[in-house]
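K.L.:
Before I ask anything, let me first share the structure, which is written out below as structure tokens.
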Amino acid sequence: MTERTAVVLAAGEGNRLRPLTRHRPKPMLSVGVRPILEHTLDALVDAGITSIVVVVGYKRTDVQSYFGPSYRDVPITYVTQEKQLGTGHAVLTAESSVDEDFLVVNGDQVIDATLVRDVLDAHDEHDSAATLGLIYRVDVGEYGGVITDGEAVVELVEGPQDDRDYRLNVGVYCFEQTVFEAIRRTAPRAGEHLLVDAIDHLIEIGNTVHGVESDGFWAEANYPWDLLGLSQTLVAEDPLIEEPRIPESTNVHESATIRTPVVAASDCEIGPGAVVGPYTCLGTNTAVESNAVVERCLVDTDGRIGPNATLVDCVIGRGVRIGPGTTAPGGPADVRVADRIYEGRQLGALLGDRVNDRGGSTYAPGAVVGADATVRSGAIVDGCNRSAIEVDR
Amino acid sequence: MCGIIGYAGSDPDTTENVLLDGLSSLEYRGYDSAGIAVANGMLDVYKRSGELSVLESTLDGKTVTGPVGIGHTRWSTHGPPTDENAHPHTGCSDRVAVVHNGIISNDESLKSTLTDAGHTFESDTDTETVPHLIERFLDRGYSPAESFRHAIKRLDGSYAIAAIFHDSDEIYATRRQSPLVVGLGADATYLASDVPAFIEHTDRVIYLEDRQVARLTPTDVVITDDDGERVDPAVDVVDWDPEDAGKSGYDHYMLKEIYEQPQAIRQSTRGRILELDGSVTLPDLPESIVEETDRVQFVACGSSYYATQYGAALLRERGIPTQTFVASDYDVERIPLESGTLVVGVTQSGETADTLGALRDANRAGATTLAVTNVVASSAARECDATVYIRAGPEISVAATKSFASQQATVAILASVLDGRRPNPFLGGLRDLPSDIQRVLDTSNAREIAAEIVDADAYFFIGRGYQWPVALEGALKMKEITYAHAEGFPAGELKHGPLALVTERTPVVALVTGSNEVVEKTVGNVREVESRGAPVVVVTDSPEDVAHLADFVLEVPETNPALVPVVTNVQLQLLAYWTAYELDRPIDKPRNLAKSVTVE
Chain A
1 MTERTAVVLA AGEGNRLRPL TRHRPKPMLS VGVRPILEHT LDALVDAGIT SIVVVVGYKR
61 TDVQSYFGPS YRDVPITYVT QEKQLGTGHA VLTAESSVDE DFLVVNGDQV IDATLVRDVL
121 DAHDEHDSAA TLGLIYRVDV GEYGGVITDG EAVVELVEGP QDDRDYRLNV GVYCFEQTVF
181 EAIRRTAPRA GEHLLVDAID HLIEIGNTVH GVESDGFWAE ANYPWDLLGL SQTLVAEDPL
241 IEEPRIPEST NVHESATIRT PVVAASDCEI GPGAVVGPYT CLGTNTAVES NAVVERCLVD
301 TDGRIGPNAT LVDCVIGRGV RIGPGTTAPG GPADVRVADR IYEGRQLGAL LGDRVNDRGG
361 STYAPGAVVG ADATVRSGAI VDGCNRSAIE VDR
Chain B
1 MCGIIGYAGS DPDTTENVLL DGLSSLEYRG YDSAGIAVAN GMLDVYKRSG ELSVLESTLD
61 GKTVTGPVGI GHTRWSTHGP PTDENAHPHT GCSDRVAVVH NGIISNDESL KSTLTDAGHT
121 FESDTDTETV PHLIERFLDR GYSPAESFRH AIKRLDGSYA IAAIFHDSDE IYATRRQSPL
181 VVGLGADATY LASDVPAFIE HTDRVIYLED RQVARLTPTD VVITDDDGER VDPAVDVVDW
241 DPEDAGKSGY DHYMLKEIYE QPQAIRQSTR GRILELDGSV TLPDLPESIV EETDRVQFVA
301 CGSSYYATQY GAALLRERGI PTQTFVASDY DVERIPLESG TLVVGVTQSG ETADTLGALR
361 DANRAGATTL AVTNVVASSA ARECDATVYI RAGPEISVAA TKSFASQQAT VAILASVLDG
421 RRPNPFLGGL RDLPSDIQRV LDTSNAREIA AEIVDADAYF FIGRGYQWPV ALEGALKMKE
481 ITYAHAEGFP AGELKHGPLA LVTERTPVVA LVTGSNEVVE KTVGNVREVE SRGAPVVVVT
541 DSPEDVAHLA DFVLEVPETN PALVPVVTNV QLQLLAYWTA YELDRPIDKP RNLAKSVTVE
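In structure tokens form, the structure reads like this:
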């Protein structure tokens, strides 16, 4: 087998996913019961990648501690992008770690091995400076659009608003070494060196850039509710998780009810009378205590859901403790992200890492609580509550 | 304590690389000098004082080839780290080269006998007597195998020894109370003090027993016992990811291992906390031992000793009489060993000579022994009646971090199991530990505080009750890696003497957690140092109550008061790390120290 290196971009925060990204970069947010980046690395290893370079930056120790020096026996090298100055700049930081042609993938999206293989095969087949992975989507307005002529890429447009026949750029690329020079020669946009601008430059100076349309799996989570939706897709029918499962190291009390589809990671405990599911993911070392109800929720590592708590449509960060009798009834809500209100999103509550809910509180749909905050018992929580303040109403 | 590597292979050109790679993964055992010897009709010996890189640059541009070789990385016990004292050692003529880990206790008498017989010595080491002794038997016409066997019969002390001969493609090796493991590859065989030295070549290993002799050739390993009878050893397959030895983008192994603690604790507690039936269990600990144990004696050294002090506090609180002993001071003749006593040896490596010695004494005296260790099939694990693994994963940094946290968690579980109460009061607290530690890692301001207190005359750490051992461990970490003077005291002891040392140039780190009563008393002690102008760093789970007393606050989340020492210790690890970082110390390899202390 030939040696093939992949550069994975995992340095960005993902500020539309705050407060979940308070202590970790977007690629480390969970989808199903594992970080997004782990799904990406699986796709790379399954596609035959033999060495991985991960570009880290924002909260990099979280990535390094989780994956360590190798993933599934494929060695990982970490390079640090001190300031997040764009995707092109991130690729430049990996320059000394790659020789020959190499793959680049965004570490903050879920892809499968088919997508990676299609790009690698197409790149091997043609003699091109760059090969882009593309998929067909009816609406590419929020994503990177690509106009092709046969197999050749002729134009890249970010967030295209016209009705030309665009393909969606999935952020999986194969490059020759010439891309580094192209990045350096591309002027920054709003202070950022973008990889797509460098590809534009390659085309402008007469290089061939290929696009390959794949029917592989691609999904991106830009907003908190996307994490829920994507997890539910993976749990229900996904090509990556074969079937809902509960490992041996998780103890389920005989009187607890599991309503499939449900995925639990290792070392969880589900207490007497608890009802878990449908469409619920429990991260490693999560405890669901007596008679708690956890429906359509994404619960990250080390969580504890207290007795009689009822959680519906919630995104729960790492190490969150939900006290006895707390309820989040779920349902559609208007959610504020940055300065924009998104209407009618399915989000019961969004709790940052290690929120400590003392119990008996009620979350109105769309309630957001920042990382490390304490929610006093009996509180009524709605709207957006910033990090590390006590919610007390 | 030192590291040994040996290689017998079919490709003479790879020998040098296998030896050097092996030594680099053994450097944690010592790193003040290093050397290799390769046999190829002659003996090529290269050795240098200093880290392995010094030897590597000496070898640069030279071709060292031969079918067999041995190597050594040294930590000085006899004589300073010089080129002459570095291993391998040879005799008067370059016919045999020897590497050794341990101490030969009758070296003086052997040396004088050999000197009388005309041998001249070049080094101050005890080891050099071995090649001369072997040479003496060669001179009398014995074969290499016979000479090796006769020589080792005359040695007293503890040792792992490997020897090669100029005109042979065999390695001879033996051990007595020092670790030695043989690796079986497809077209080569290996020998080392520890598995990581050759794990990238093979995972099939034989753990040599005391006094067994191994003869290694490229295709075969023959093991014989004390009397020269051939034995059929068990071949183990080790489950160890060689990549675990990488730093994963961290500047130091120590910081990497500090950040690995949530995962290490999850592994330590895996399968041992059963919330559904309210119990904490140790499936590896036979029920009969739990039933027969009335009292406990802990034996351990260094950080492990502090972990046992914490465990002893928990056990005593549960009505189980418990003593702790520094292993090197454990004298079974002078300590009452009543029936029903469980002697628990806590050692990360399972090879700590002092702890092994204490456990052997306890075994001989008829006590039931339990090893609490990180290394599967280590000497402690093989020699005790039962073993409980702490499951921290490989630890490379000389300063123990995650192994200490996992030891704390494991002794807390042990205390719960011996107590047997249901529902166990630690149930929830143990499961919450990973998240509590993660919170400290995510939010600690230790780096900023370290920058403020880096320039100090000394550091004092104080704590009461469960926090006393943490104060001792915090001080040990600080002195190990910053080289600054640091001491830990029970908070109440300060006024009985050490307070005389407190000035505005001696930061005091106070651990203030627990019940109101304990906090109040510790706060009183903090006031004592504050009024002497000492900068005060408070580690606390209730900052609102004590922040006004402190110059700096390190916050920990509220958790079970008996488990909070596992969490507070993480803040002290970070404080020591960042202070040493400010001082630009060689954090992973502090001077004069080595990871696994295999000499008494």
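Quick note, the sequences are listed as chains A and B, same order. The opening position of the first sequence corresponds to residue 1 in full-length UniProt numbering, with each subsequent residue numbered one higher. The opening position of the second sequence corresponds to residue 1 in full-length UniProt numbering, with each subsequent residue numbered one higher. Idealized CB from N, CA, C, for every residue including glycine. A quick note: this is a predicted structure, and the numbers were derived from the prediction, not measured.
1. Could you compute how far the alpha carbon of Leu133(B) sits from the alpha carbon of Ala151(B)?
2. Where does Gln438(B) fall in DSSP's three states?
3. Just to confirm my understanding: we take Pro144(B), look at its own chain, exclude 5 residues before and 5 after, and list those with CB closer than 6 Å. What are they?
4. Report the three-state DSSP secondary structure of Leu208(B) (helix, strand or coil).
5. For Ala122(A), which residues in chain B fall below 9 Å Cβ to Cβ?
6. Quick check on His253(A) - is its C-beta less than 9 Å from some C-beta in chain B?
7. Consider the Cβ of Arg34(A): report whether some Cβ of chain B lies at a distance smaller than 9 Å.
8. Entirely within the region 489-519 of chain B and at least 3 residues each: give me those beta strand (DSSP E) ranges in chain order.
9. Leaving out five residues before and five after Arg527(B) in sequence, what residues of the same chain have Cβ atoms less than 6 Å from its Cβ?
10. Assess, as a yes-or-no matter, whether the region 8-26 of chain B is touched by the region 193-204 of chain B under the definition of 3 or more beta carbon pairs within less than 8 Å.
11. Is it the case that the Cβ atoms of Val411(B) and Val343(B) are separated by a distance below 9 Å?
12. According to DSSP, is Leu20(A) part of a helix, a strand, or is it coil?
13. Give me the subset of the region 67-87 of chain A whose CB atoms are less than 9 Å from a CB atom of chain E, sorted by chain position.
14. Run through the DSSP bridge pairs and tell me what Pro332(A) is partnered with.
15. State buried or exposed for Ala187(A), treating a residue as buried only when at least 16 other CB atoms are found within 10 Å of its CB.
16. What does Asn285(A) reach in chain B if we use C-beta pairs closer than 7 Å?
17. Using DSSP with H/G/I as helix, E/B as strand and the rest coil, what is residue 474(A)?
18. Any idea what DSSP makes of Arg48(B), helix, strand or coil?
19. Report the option in Val252(A), Arg184(A), Thr148(A), Arg117(A) whose CA atom is closest to the CA atom of Ala6(A).
20. Under 6 Å Cβ to Cβ from Glu170(B), same chain only, skipping five residues before and after it: list those, please.
21. Just grab the DSSP bridge partners of Asp149(A) for me.
22. Keeping to the same chain, check which residues put their C-beta closer than 8 Å to that of Val235(B); ignore five residues upstream and five downstream.
23. Any beta-carbon of chain B closer than 9 Å to the one on Ser30(A)?
24. Can you list, in chain order, the residues of its chain whose CB lies under 6 Å from that of Asp46(A), leaving out five sequence neighbours each side?
25. At 4 residues or longer, and completely inside the region 352-433 of chain B: list those alpha helix (DSSP H) runs for me, N to C.
26. Is the distance from the Cβ of His210(A) to the Cβ of Ala130(A) below 9 Å?
27. For Tyr259(B), go through chain A and note every residue whose CB falls closer than 7 Å to its CB, in chain order.
28. How would you write the range of the beta strand (DSSP E) that Pro75(A) sits in, first residue to last?
29. If we define contact as Cβ-Cβ less than 9 Å, is Thr5(A) a contact residue for chain B?
30. Given this structure, state the Cα-to-Cα distance separating Pro336(B) from Phe325(B), to the nearest angstrom.
31. Give the single residue among Ile104(B), Thr513(B), Gly69(B), Val529(B) whose Cα lies nearest to the Cα of Ala500(B).
32. Counting only C-beta atoms, is Glu128(B) closer than 9 Å to chain A at any point?
33. Going by DSSP, what residue range makes up the beta strand (DSSP E) through Ile205(A)?
34. Using three-state DSSP, classify Leu240(A) as helix, strand or coil.
35. Of all the options Cys297(A), Gly273(A), Asn291(A), Pro272(A), which has the alpha carbon lying nearest to the alpha carbon of residue 394(A)?
36. Residue range of the beta strand (DSSP E) that Trp218(A) falls in?
P.N.:
Here's the rundown:
1. Position 133 of the second sequence holds residue 133(B). Position 151 of the second sequence holds residue 151(B). Looking at the two C-alpha atoms, the distance is approximately 6 Å.
2. Here residue 438(B) corresponds to residue number 438 of the second sequence, with the count starting at 1. Assigned with DSSP and collapsed to three states, Gln438(B) falls in helix.
3. Here residue 144(B) is taken as the residue at index 144 of the second sequence, counted from 1. Answer for Pro144(B): Phe165, Ser168, listed in chain order.
4. Taking the second sequence and counting its residues from 1, one reaches residue 208(B) at position 208. It is coil, neither helix nor strand.
5. Working through the first sequence from its first residue, we reach residue 122(A) at position 122. Result: empty, since nearest Cβ-Cβ is about 31 Å, beyond 9 Å.
6. Here residue 253(A) refers to the residue found at position 253 when the first sequence is read from its first residue. Chain B contact via Cβ: present.
7. To locate residue 34(A), count along the first sequence from 1; it is residue 34. False, the Cβ-Cβ gap to chain B never drops below 9 Å.
8. Taking only runs of at least 3 residues, the beta strand (DSSP E) segments lying wholly in the region 489-519 of chain B are 508-512.
9. Position 527 of the second sequence, counted from the start, is the residue given in the question as residue 527(B). There are no such residues.
10. yes
11. Looking up residue 411(B) in the second sequence gives position 411. Looking up residue 343(B) in the second sequence gives position 343. The answer is no: Cβ separation not under 9 Å.
12. Position 20 of the first sequence, counting from 1, holds the residue named residue 20(A). Three-state result, Leu20(A): helix.
13. No chain E is part of this structure, whose protein chains are labelled A and B.
14. Along the first sequence, one-based indexing puts residue 332(A) at 332. Paired residue(s): Gln346(A).
15. Counting from 1 along the first sequence, the entry for residue 187(A) is found at position 187. Counting Cβ neighbours within 10 Å, Ala187(A) comes out exposed, since fewer than 16 surround it.
16. Locating residue 285(A) in the first sequence gives position 285, where the first residue counts as 1. The contacting residues are Arg266, Arg431, Pro434.
17. Since the first and last residues shown for chain A are 1 and 393, residue 474(A) lies out of range.
18. Sequence index remark: in the second sequence, residue 48(B) carries index 48 (1-based). Of the three classes helix, strand and coil, the one that applies to Arg48(B) here is strand, per DSSP.
19. In the first sequence, counting from the first residue as 1, residue 6(A) sits at position 6. That would be Arg117(A), whose Cα lies nearest to the Cα of Ala6(A).
20. Numbered from 1 along the second sequence, position 170 holds the residue referred to as residue 170(B). Within the same chain, Glu170(B) has close Cβ partners Arg215, Thr217.
21. Taking the first residue of the first sequence as position 1, residue 149(A) is located at position 149. The partner list for Asp149(A) (beta bridge, DSSP) reads Ala152(A).
22. Taking the first residue of the second sequence as 1, we reach residue 235(B) at position 235. Cβ neighbours of Val235(B) beyond the five flanking positions: Leu184, Arg204, Val205, Ile206.
23. Your numbering for residue 30(A) matches position 30 in the first sequence. Not one chain B Cβ lies under 9 Å of Ser30(A).
24. Taking the first residue of the first sequence as position 1, residue 46(A) is located at position 46. Cβ-Cβ distances below 6 Å link Asp46(A) to Ala113 in the same chain, with the five nearest sequence neighbours on each side left out; the list follows chain order.
25. 353-364, 379-383, 402-419
26. On the first sequence, residue 210(A) is found 210 positions in, with the first residue counted as 1. On the first sequence, residue 130(A) is found 130 positions in, with the first residue counted as 1. Cβ atoms of His210(A) and Ala130(A): closer than 9 Å.
27. Here the question's residue 259(B) lines up with position 259 in the second sequence. Neighbours of Tyr259(B) on chain A, chain order: Thr61, Ser65.
28. Position 75 of the first sequence holds residue 75(A). If you look at Pro75(A), you'll find it in the beta strand (DSSP E) that goes 74-80.
29. For this step, residue 5(A) is matched to residue 5 along the first sequence. No, Thr5(A) lies away from the interface with chain B (no Cβ there is under 9 Å from its Cβ).
30. The sequence position of residue 336(B) within the second sequence is 336, counting from 1. The sequence position of residue 325(B) within the second sequence is 325, counting from 1. In a straight line, the C-alpha of Pro336(B) is about 13 Å away from that of Phe325(B).
31. Looking up residue 500(B) in the second sequence gives position 500. Selected option, being the one with the closest Cα: Val529(B).
32. Within the second sequence, numbered from 1, the residue matching residue 128(B) stands at position 128. By this cut-off, Glu128(B) is not an interface position.
33. Within the first sequence, numbered from 1, the residue matching residue 205(A) stands at position 205. Neither: Ile205(A) is in no beta strand (DSSP E) and is coded neither H nor E.
34. The sequence position of residue 240(A) within the first sequence is 240, counting from 1. The predicted model places Leu240(A) with a pLDDT of 47, which falls under 50 and marks its position as unreliable, so this point remains unresolved.
35. There is simply no residue 394(A) to check, as chain A begins at 1 and stops at 393 in what is shown.
36. Locating residue 218(A) in the first sequence gives position 218, counting from the first residue. That run of the beta strand (DSSP E) goes 218-220.
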